[in-house]
Amino acid sequence: MRQYGESKVDSTLVLAISAIIIGLIFIISGAIVSGIAYTEITPPNYDDNYDRYIGSSVPRLLGPFLLVFGFLIVIGSGVMAGMKTMRENEKSYHGISGGPHPTMYSAADIEQDDSPPSLQEKM
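Be aware that the sequence shown starts at 1, since it is given in UniProt numbering, and climbs by one per residue.
Right under this line is the structure:
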């Protein structure tokens, strides 16, 4: 049975994709709340008190907050997914795939003298 971390899809990418989906939900809900809050029809007895009342409305504060928070989540998740993909591409480019690679040596390999014999040693 394969572990979740051993598959091609890493948990960081799953987290980034789910955070992007949550961020998009925040953006859509912020747009809806802002649209409802800023398209109110003024009453016939419009005065300065109504301006104060409408300026302190919770949806007028909540809508832009949801929009900004959603954009921050989407941008941050995109950066996180991009950095993870770049790191994986860099590892595969340099041959670091998690296992031993023929071009990588440990300290034990360096101490052994497995060099080919020189011309004087052959004669």
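Backbone N, C-alpha and C fix where the C-beta goes; we use that ideal spot for every residue, glycine too.
Skipping 5 residues on each side, what residues in its chain have a beta carbon closer than 7 Å to that of residue i?
{"i": "residue 125", "result": "In the structure displayed, the chain extends from 1 to 123; residue 125 sits before or after that span and is not available."}
{"i": "L13", "result": "A81, K84"}
{"i": "S57", "result": "A37"}
{"i": "I22", "result": "I73"}
Tell me whether the beta-carbon of residue i lies closer than 7 Å to the beta-carbon of residue j.
{"i": "P59", "j": "A37", "result": "yes"}
{"i": "I73", "j": "A19", "result": "yes"}
Tell me, to the nearest whole angstrom, how far the beta carbon of residue i is from that of residue j; I am working on the premise that it is less than 8 Å.
{"i": "F65", "j": "I27", "result": "Incorrect: roughly 12 Å between the Cβ atoms, too far for contact."}
As a quick exercise: from the options, pick the residue whose alpha carbon is nearest that of residue i.
{"i": "L24", "options": "S57, V68, E88", "result": "V68"}
{"i": "A16", "options": "K91, G78, R87", "result": "G78"}
By a C-beta neighbour count over all protein chains shown, 10 Å radius and 16 as the cutoff for buried, is residue i buried or exposed?
{"i": "H101", "result": "The predicted model places H101 with a pLDDT of 49, which falls under 50 and marks its position as unreliable; any figure quoted below should be read in that light. Exposed: under 16 other Cβ atoms inside 10 Å."}
Residues in its own chain within less than 8 Å of residue i by CB, not counting five upstream and five downstream?
{"i": "E88", "result": "D10"}
{"i": "G35", "result": "G63"}
Between residue i and the rest of its own chain, which residues show a CB-CB distance below 6 Å, the 5 nearest in sequence each way excluded?
{"i": "M86", "result": "none"}
{"i": "S29", "result": "L66"}
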